[in-house]
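Data block below; observations after.
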DNA sequence: GCAAAAGTGTTCCAAGTACACCCATGG
DNA sequence: CCATGGGTGTACTTGGAACACTTTTGC
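Residue numbers (our numbering), protein chains in the order written: chain R, 1 to 234; chain P, 1 to 234.
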């Protein structure tokens, strides 16, 4: 087989920033790194890209290894290639961010990694340049969610408007007027009101809603304003 | 030196999608590939990442090699890693897109590459998956320019409002009411009106404007609506 | 019966849109 | 003097923002 001669070959890894929402706080999932260097330090879930694997495949595999989940929202974020970012050997890292329903995440599957959810405001020191990766992912989720309805990926199929509002407030670290929020959200036509209520958070109960998947996919690229003055919050 | 054992090492390349605007049409700069495979086919400007080089450094080096330009707008776009994208040997490509002032581009510097500007609507067949890269870059420039004042990077330091409007119309393949366009653009406070006029395009002449760099950098992250209903155009 | 969360409407203001005429100049 | 492109203002519509009270129900 012919090769490109005289060029250096490098290691290629994928690292995943996995977001979840517990009803109150936006969190990311970290693991204790299982090998040297930096063994037992907090780290993003990652792995080397295998010879026959695309980048998307690698990120999906890595996400499944840790969470047991498939078919979740996963998007390429940025590629980090500073020559010294890994002290052992130059390694390029393609980062992906994932949005998962924290309830579907199965703790047991992944116990070898000792994974833990950390609120975004209390992320521990991470290895290498992973701090930068997390910062970038935070920015990106805020940016994208200001324009596109991606945050639904963090909620169960049935959710209430107070839950949804709490999610937006948590992502943007702000408070929103509930009347305006409901108005804006319902005006998108993305939500279908269900007949049953969630009584876990209040005595009266809040109606469940679910996504209108037709509208959801059709309007995903449109600019939807879920957030007032998003530019001010990024 | 310790190494990560048993992992495959890969080639890493950077490819640049270089945009320019000639006053009428949005174009990209392509070269005739100088080596096998696909020698003499139209291709993006690219190159292998060198051992001591970051990705940003590599893309700047490659851009300078072809255009002679430094310090221009250059942004990482996406990383392509399909295992079969390069038939010779697996090569990861980190793509960047650049916005340059086509007048500053110096033809002579790069004559070994036989570069040529192609209107976006008449891009020839490209090697490997570079067609996908160009498509993605087109989407990204439209997306980003709908919200941020990046298109100024395609113009000279002094430009007229008709020029600017023509640029937006060309990027979005649409027409815009000039009264509303001027109003929106001037309302951003980003432009400073100069005293002299460009008489090359009309007898009366159009006033030159330049960017207010203070406001430009301060408002770069804000969402500015240069385009009506941008969501409809992407 | 009361505390706690859910649900609902209206007024006001700002921004966007549609739209048509005059101006300056070189030929 | 006229053809060509440059420049300007207004009325209207729409979407976002501010804002307070009623409803339900478990305890």
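Beta carbons: idealized from backbone N, C-alpha and C, even for Gly.
Do you know how far the Cα of residue j is from the Cα of residue i?
| i | j | result |
| --- | --- | --- |
| residue 44 (chain P) | residue 11 (chain R) | 24 Å |
| residue 105 (chain P) | residue 141 (chain R) | 36 Å |
| residue 96 (chain R) | residue 137 (chain R) | 8 Å |
| residue 17 (chain P) | residue 146 (chain P) | 19 Å |
| residue 125 (chain R) | residue 42 (chain R) | 7 Å |
| residue 220 (chain R) | residue 150 (chain R) | 8 Å |
| residue 4 (chain R) | residue 4 (chain P) | 23 Å |
| residue 222 (chain R) | residue 180 (chain R) | 20 Å |
| residue 26 (chain P) | residue 47 (chain P) | 24 Å |
| residue 159 (chain R) | residue 23 (chain R) | 10 Å |
| residue 217 (chain R) | residue 212 (chain P) | 40 Å |
| residue 53 (chain P) | residue 202 (chain P) | 48 Å |
| residue 195 (chain P) | residue 152 (chain P) | 20 Å |
| residue 199 (chain R) | residue 193 (chain R) | 16 Å |
| residue 2 (chain R) | residue 174 (chain R) | 57 Å |
| residue 72 (chain P) | residue 9 (chain R) | 29 Å |
| residue 21 (chain P) | residue 81 (chain P) | 30 Å |
| residue 51 (chain P) | residue 100 (chain P) | 27 Å |
| residue 19 (chain R) | residue 19 (chain P) | 35 Å |
Tell me which same chain residues have a C-beta within less than 8 Å of the C-beta of residue i, skipping the five on either side of it?
| i | result |
| --- | --- |
| residue 60 (chain P) | 70 and 74 |
| residue 103 (chain P) | 156 |
| residue 49 (chain R) | 12, 13, 14, 55, 58 and 94 |
| residue 112 (chain R) | 34 |
| residue 76 (chain R) | 55, 56, 59, 94, 95 and 96 |
| residue 85 (chain R) | 91, 93, 128 and 129 |
| residue 215 (chain R) | 188, 189 and 190 |
| residue 83 (chain P) | 90 |
| residue 114 (chain P) | 31 and 32 |
Using a Cβ-Cβ cut-off of 7 Å (strictly less than) and excluding sequence neighbours within five positions of residue i, which residues of its own chain qualify?
| i | result |
| --- | --- |
| residue 241 (chain P) | Limits of chain P in this structure are 1 at one end and 234 at the other, which puts residue 241 (chain P) out of reach. |
| residue 248 (chain R) | Here chain R covers residues 1 to 234 and nothing more, so residue 248 (chain R) does not appear. |
| residue 123 (chain R) | 28 and 134 |
| residue 197 (chain P) | 205, 206, 207 and 208 |
| residue 64 (chain P) | 70 |
| residue 118 (chain R) | 27, 28, 30 and 124 |
| residue 7 (chain R) | none |
| residue 163 (chain R) | 23 and 155 |
| residue 120 (chain P) | 26, 27, 28 and 138 |
| residue 178 (chain R) | 165 |
Let me confirm a value: residue i is counted as buried when at least 16 other C-beta atoms fall within 10 Å, else exposed. Which label applies?
| i | result |
| --- | --- |
| residue 183 (chain R) | exposed |
| residue 91 (chain R) | buried |
| residue 78 (chain P) | buried |
| residue 34 (chain R) | exposed |
| residue 40 (chain P) | exposed |
| residue 98 (chain R) | buried |
| residue 257 (chain R) | Given a span of 1 to 234 for chain R in the structure shown, any question on residue 257 (chain R) remains unanswerable. |
| residue 66 (chain P) | buried |
| residue 154 (chain R) | buried |
| residue 131 (chain R) | exposed |
| residue 62 (chain P) | buried |
| residue 186 (chain P) | exposed |
Does the beta-carbon of residue i, which I'm using as the reference point, lie nearer than 6 Å to any heavy atom of the ligand COA?
| i | result |
| --- | --- |
| residue 23 (chain P) | Only the bare structure without any ligand can be found here, which leaves the ligand COA out of the picture. |
Can you name, in chain order, every residue of its own chain whose Cβ lies under 6 Å from the Cβ of residue i, other than the five neighbours on each side?
| i | result |
| --- | --- |
| residue 191 (chain R) | 209 |
| residue 235 (chain P) | The structure shown does not extend to residue 235 (chain P), since chain P spans only 1 to 234, so no value can be given for it. |
| residue 144 (chain P) | 150 |
request  = Could you name the residues of the stretch 5 to 23 of chain R whose beta carbon sits closer than 7 Å to any beta carbon of chain P, in the order they occur along the chain?
outcome  = Within the stretch 5 to 23 of chain R, contact with chain P at the beta-carbon level (separation under 7 Å) is assigned to 7, 8, 9, 10, 11 and 12.
key: Interface residues of the stretch 63 to 82 of chain R facing chain P [CB-CB below 9 Å]   = Going along the stretch 63 to 82 of chain R in chain order, one finds 76, 78, 79, 80, 81 and 82 with a Cβ nearer than 9 Å to chain P.
key: Chain-ordered residues of the stretch 85 to 100 of chain P with a beta carbon less than 8 Å from chain R   = For the stretch 85 to 100 of chain P, the beta-carbon criterion of a distance under 8 Å to any beta-carbon of chain R is satisfied by 88, 89, 90, 91, 92 and 94.
query = Using Cβ-Cβ distances below 8 Å, what residues of the stretch 176 to 205 of chain P are close to chain R?
reply = Within the stretch 176 to 205 of chain P, no residue has a Cβ that lies closer than 8 Å to any Cβ of chain R.
request  = Could you name the residues of the stretch 146 to 179 of chain R whose beta carbon sits closer than 9 Å to any beta carbon of chain P, in the order they occur along the chain?
outcome  = The residues in question are 146 and 147.
Chain R contacts made by the stretch 52 to 63 of chain P, where a contact means CB separation under 7 Å = Going along the stretch 52 to 63 of chain P in chain order, one finds 52, 53, 54 and 55 with a Cβ nearer than 7 Å to chain R.
inquiry  = Which residues of the stretch 36 to 48 of chain P have a Cβ closer than 9 Å to any Cβ of chain R? Give them in chain order.
reply    = Correct list: 36, 37 and 48.
key: Chain-ordered residues of the stretch 130 to 147 of chain R with a beta carbon less than 7 Å from chain P   = For the stretch 130 to 147 of chain R, which is checked against every Cβ of chain P, not one residue is closer than 7 Å.
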